[in-house]
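**Q**
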Amino acid sequence: MEQDGDAYVTGYTSVGDTIYWLTVKYDPQGNIVWGDTIKNELGRAITLDKDGNVYAAGNGGGYWITIKYDSTGNILWKDSLQMRGYPKGIVLDDSNDLYLTGVLGSYVASDMLTLKYNTERSIVWMDTIDVSDYDNAEDIAVDRWGNLYVTGYVYNSDIAYYDPYTIKYKADGNVLWIREESSGLGYGVGVDTLGKVYVAGAVFVLSALETRWLFIQYDTSGNLIEMDTLDQGDGSEAWGIDVDQAGNYALTGYALAPGTTAAWCTDLYLKYRDVCIDTCLSPLVISPLQDYTPIVRVHNGSYEITEDFDVNATTDTSGVILYSSTYSIDGSFPGDTLDISLSPWSDIPHEITSARLRFTILHEGGYDMVPDNDVMSITLYIRPVIDSAVAYDGTTPGSGIDDDDYIALYFSHPMNQIAMDASSIDSLLSLSGGHTWLDGSGLIGNITWSADGKVLYVFLTTTDSPPTVSVGDTITPDDTLMDIYGFSCIDPVVITGSFGPAQGVLCKEGFILEVADINTGRISFIYTVPTDEPYRIILYGVDGRLVEEIKGEGKGTYHKEISHIPPGVYFLRLEQGEGVISRRVILLK
């Protein structure tokens, strides 16, 4: 049958005393598209190539006959081999080489015969098997490597009955293995993508005094995996078998139920296979400041099958993959429920508000009967964070806090711009160490949001005495501070910057930061720190956002470079103890 549903049949019929070989093409509705008859010849087997050409094999007048038709029923060629007997099986490999197998001889004495045609219609090789007085080849199959499998039966005089007989050939005709089982007839053969071999046939069961369907399975090396009988009623025989890529198989033949005549019967045998994603166990609202570990629960619902599979997790936004991790499961037993932790997702972009988390089960050569539950896609929501909180000296230079100093809080997302004043700021943006935003009179300056809601400016006052807020304090937001999507900003941030002059040097001698005003490709600088205290170097963008931070300790002179950043205007700061040096830097390509 073709993929579009057209079906082809070959066989024979009689008109009066005359036998005709009959080959017919049907459309999917069962209408005859074309038919061809050949007098005094019998059709035995048929197959198709990828181009829709039809190959039929039969016999007549002491010849094995092979005919090639195009898809419209025109005969492209016909070949006859003068020898007694008849072909029973026909198959094409991926190169369109053609193989026939069948009976050489007569009903009195016969051998198995298998032969190969190349695409030029020349016989490449021919092999006969002579085991007993009556040897019969019934069917042939080819695997994805080009190996051939022939099944049939040979006479066993010890039991006065037949034995199923299966042969594996290489494409060049060399025999790889032969297997003969005790008692039975092989009628059909199939092979799956792993090279497992399946044989259908019939066997006489002495204890029941009846014939039953026979099923045999071998591994790719010819080791017997299974041999079983199926009771379809006395006289029943399985005449054909088809195998899918997963090793599920369908047997067809005839069956005889009690009180009935023989009828055609097809049994499909499927091993239920399903590994499914059950649920996501990891949180769906995450902080970009912390590694996120995707955790998923999977279940092996397969019947009697131990499964090997991979679990893959990805995150993406607008189709751009941000993270991917795969975890391999070897030997999950039927009924197992497993909680799988993937590798952590680090470096979560601050600026994104959500990402798609997708779990996928990947089967290695396996087959899943419920593919819909192999994938789960859910939305991860990224909480807003304060990227940086920077203290600035106002227009009037001076050390310490004065009335024009302020702190700018830079948020990763547009915020809900909640109103703040002296009565609420210490609870909405609480400070470490018991510090306060309010001056000695309990007052504070203006608190305003930028138009896009991503920067909060807090202006300080010094009525009676300055506020105790200071560089190095930790700000912990209240969960009522949310982005415009309704997710709370709760991660703390440390205040950096300085309330002193922007370019000032506020420490003893020997504290130096040397950097050119204009740099190309990278920012290169030399600095000297005079004490063993911890220090840090901070690079800010012109918008106040933190770009790079370098931490160290130990006095001395050092050379550093900062690269892999885009061209623009930056501020480079060196901090140690109370000492601060800040320089404006322009970076060119």
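Just so we're aligned: 1427 in the working numbering is position 455 of the sequence shown, and the numbers increase by one with no gaps anywhere. By construction, the Cβ of each residue, glycine as well, lies at the ideal position given by its N, Cα and C atoms.
Does the distance from the CB of residue 1227 to the CB of residue 1204 come in under 7 Å?
**A** Here the question's residue 1227 lines up with position 255 in the sequence shown. Here the question's residue 1204 lines up with position 232 in the sequence shown. Yes; because the gap between Cβ atoms is below 7 Å, this pair is in contact.
**Q** Let me make sure I understand the geometry here. Which of 1503, 1098 and 1496 has the alpha-carbon closest to that of residue 1559?
**A** Here residue 1559 refers to the residue found at position 587 of the sequence shown. It is 1496 whose Cα lies nearest to the Cα of residue 1559.
**Q** In whole angstroms, give me the CA-to-CA distance for residue 1168 and residue 1088.
**A** Taking the sequence shown and counting its residues from 1, the one referred to as residue 1168 is at position 196. Taking the sequence shown and counting its residues from 1, the one referred to as residue 1088 is at position 116. Going from the Cα of residue 1168 to the Cα of residue 1088 covers about 22 Å.
**Q** With DSSP run on the structure shown, which of helix, strand or coil describes residue 1272?
**A** Residue 1272 sits at position 300 when you count from the first residue of the sequence shown. Residue 1272: strand per DSSP, three-state reduction.
**Q** So what's residue 1345 in DSSP terms, helix, strand or just coil?
**A** Counted from its first residue, the sequence shown places residue 1345 at position 373. DSSP places residue 1345 in helix when its eight states are reduced to three.
**Q** List the whole-angstrom C-beta distance separating residue 1252 from residue 1350, where the pair is believed to meet the contact cut-off of C-beta under 8 Å.
**A** Walking along the sequence shown from the start, residue 1252 turns up at place 280. Walking along the sequence shown from the start, residue 1350 turns up at place 378. So it is a contact: roughly 6 Å between Cβ atoms.
**Q** Taking the C-alpha atoms as reference points, what is the distance between residue 1299 and residue 1537?
**A** Indexing the sequence shown from 1 puts residue 1299 at position 327. Indexing the sequence shown from 1 puts residue 1537 at position 565. Roughly 34 Å between the two C-alpha positions.
**Q** Would you mind sorting residue 1266 into buried or exposed? The rule is 16 or more other CB atoms within 10 Å of its CB.
**A** Numbered from its first residue, the sequence shown carries residue 1266 at position 294. Burial call: buried.
**Q** So, using beta-carbon positions, are residue 1294 and residue 1357 closer together than 7 Å?
**A** Counted from its first residue, the sequence shown places residue 1294 at position 322. Counted from its first residue, the sequence shown places residue 1357 at position 385. No.
**Q** Check this for me: beta carbons of residue 1311 and residue 1269, under 7 Å apart or not?
**A** For this step, residue 1311 is matched to residue 339 along the sequence shown. For this step, residue 1269 is matched to residue 297 along the sequence shown. Cβ atoms of residue 1311 and residue 1269: closer than 7 Å.
**Q** Put residue 1537 into one of helix, strand or coil per three-state DSSP.
**A** Taking the first residue of the sequence shown as 1, we reach residue 1537 at position 565. Reduced to three states, the DSSP call for residue 1537 is coil.
**Q** Could you check whether residue 1433 and residue 1411 sit closer than 7 Å to each other, using their CB atoms as the reference points?
**A** For the purposes of this step, residue 1411 is identified with residue 439 of the sequence shown, where counting begins at 1. For the purposes of this step, residue 1433 is identified with residue 461 of the sequence shown, where counting begins at 1. Contact: yes.
**Q** Tell me, please, whether the region 1416 to 1425 touches the region 1384 to 1392 by the rule of three or more beta-carbon pairs shorter than 8 Å.
**A** Yes, the region 1416 to 1425 touches the region 1384 to 1392.
**Q** May I ask you to report which of helix, strand or coil DSSP gives residue 1104?
**A** In the sequence shown, the residue the question calls residue 1104 occupies position 132. Residue 1104 falls in the coil class under three-state DSSP.
**Q** Would the region 1153 to 1163 and the region 1038 to 1053 be scored as touching if the rule is three or more Cβ pairs under 8 Å?
**A** No: the two stretches stay apart, fewer than three of their Cβ pairs being nearer than 8 Å.
**Q** Specify the secondary structure class of residue 1372 as computed by DSSP and reduced to three states.
**A** Stepping through the sequence shown from its first residue, residue 1372 is reached at position 400. If DSSP states are grouped into helix, strand and coil, residue 1372 belongs with coil.
**Q** With hydrogens ignored, establish whether the beta-carbon of residue 1167 is closer than 6 Å to any heavy atom of the ligand SAM.
**A** Inclusion of the ligand SAM in the displayed structure is not the case, the ligand content being empty and no account of it being possible.
**Q** Quickly, what does DSSP pair residue 1546 with across the bridge? List them, please.
**A** Here residue 1546 corresponds to residue number 574 of the sequence shown, with the count starting at 1. BP columns for residue 1546 point to 1509 and 1553.
**Q** Judging by CA-CA distance, which residue of 1413, 1364 and 1393 is the nearest neighbour of residue 1543?
**A** Within the sequence shown, residue 1543 is the residue found at index 571, counting from 1. Comparing Cα-Cα distances from residue 1543 to each of 1413, 1364 and 1393, the minimum goes to 1364.
**Q** Please name the residue, chosen from 1329, 1002, 1447 and 1091, that lies closest to residue 1360 on a Cα-to-Cα basis.
**A** By 1-based counting over the sequence shown, the position of residue 1360 is 388. Residue 1447 is the option with its Cα nearest to residue 1360.
**Q** What separation, rounded to the nearest whole angstrom, lies between the Cα atoms of residue 1509 and residue 1445?
**A** The sequence position of residue 1509 within the sequence shown is 537, counting from 1. The sequence position of residue 1445 within the sequence shown is 473, counting from 1. Distance between the alpha carbons of residue 1509 and residue 1445 is about 18 Å.
**Q** Using only alpha-carbon positions, find the residue among 1258, 1286 and 1304 that is nearest to residue 1271.
**A** For the purposes of this step, residue 1271 is taken as residue 299 along the sequence shown, with counting starting at 1. Cα-wise, what sits closest to residue 1271 is 1304.
**Q** Cα-Cα, which of 1195, 1257, 1140 and 1177 is closest to residue 1131?
**A** As a working note, residue 1131 is residue 159 in the sequence shown. Answer by Cα proximity: 1177.
**Q** Run the CB neighbour count on residue 1079, radius 10 Å, all protein chains shown included, and call it buried at 16 or more, exposed below.
**A** Walking along the sequence shown from the start, residue 1079 turns up at place 107. Per the 10 Å Cβ criterion, exposed.
**Q** Select from 1133, 1128 and 1113 the residue whose C-alpha is nearest the C-alpha of residue 1213.
**A** Counting from 1 along the sequence shown, the entry for residue 1213 is found at position 241. Ranking 1133, 1128 and 1113 by Cα distance to residue 1213 puts 1113 first.
**Q** Just to confirm, is the Cβ distance from residue 1076 to residue 1019 under 7 Å?
**A** Reading the sequence shown from its first residue, position 104 is the one you call residue 1076. Reading the sequence shown from its first residue, position 47 is the one you call residue 1019. No, these two residues do not count as a Cβ contact at 7 Å.
**Q** Using a Cβ-Cβ cut-off of 6 Å (strictly less than) and excluding sequence neighbours within five positions of residue 1137, which residues of its own chain qualify?
**A** Translated into the one-based positions of the sequence shown, residue 1137 becomes position 165. Counting only Cβ-Cβ distances below 6 Å, and skipping sequence neighbours, we find 1124, 1125, 1126 and 1152.
**Q** What did DSSP end up calling residue 1256 once you bin it into helix, strand or coil?
**A** On the sequence shown, residue 1256 is found 284 positions in, with the first residue counted as 1. In the structure shown, residue 1256 sits in coil (DSSP, three-state: anything other than H, G, I, E or B).
**Q** Quick check on residue 1173: does DSSP put it in helix, strand or coil?
**A** Here residue 1173 corresponds to residue number 201 of the sequence shown, with the count starting at 1. Here residue 1173 sits in strand by DSSP.
**Q** Whose C-beta lies closer than 8 Å to the C-beta of residue 1564 among residues of the same chain, with five residues either side of it excluded?
**A** A query on residue 1564 cannot be resolved here, the shown segment of the chain reaching from 973 to 1561 and no further.
**Q** Whose C-beta lies closer than 7 Å to the C-beta of residue 999 among residues of the same chain, with five residues either side of it excluded?
**A** Residue numbering aside, residue 999 sits at position 27 when the sequence shown is read from its first letter. So the list reads 978 and 1005, once near-sequence residues are dropped.
**Q** Per DSSP, which residues does residue 1483 bridge with? Please list them.
**A** Within the sequence shown, residue 1483 is the residue found at index 511, counting from 1. Beta-bridge pairing links residue 1483 to no other residue.
**Q** Using alpha carbons as the reference points, say which of 1237, 1486, 1546 and 1141 lies closest to residue 1100.
**A** Locating residue 1100 in the sequence shown gives position 128, counting from the first residue. Looking at the Cα atoms, 1141 is the closest of the given residues.
**Q** Using three-state DSSP, classify residue 1324 as helix, strand or coil.
**A** Numbered from its first residue, the sequence shown carries residue 1324 at position 352. In the structure shown, residue 1324 sits in coil (DSSP, three-state: anything other than H, G, I, E or B).
**Q** Span of the alpha helix (DSSP H) holding residue 1498?
**A** Mapped onto the sequence shown, residue 1498 falls at position 526. Segment 1495 to 1501 is the beta strand (DSSP E) holding residue 1498; no alpha helix (DSSP H) there.
**Q** If you run the structure through DSSP and keep just helix, strand and coil, what is residue 1504?
**A** The residue you call residue 1504 lines up with position 532 of the sequence shown. Correct three-state label for residue 1504: coil.
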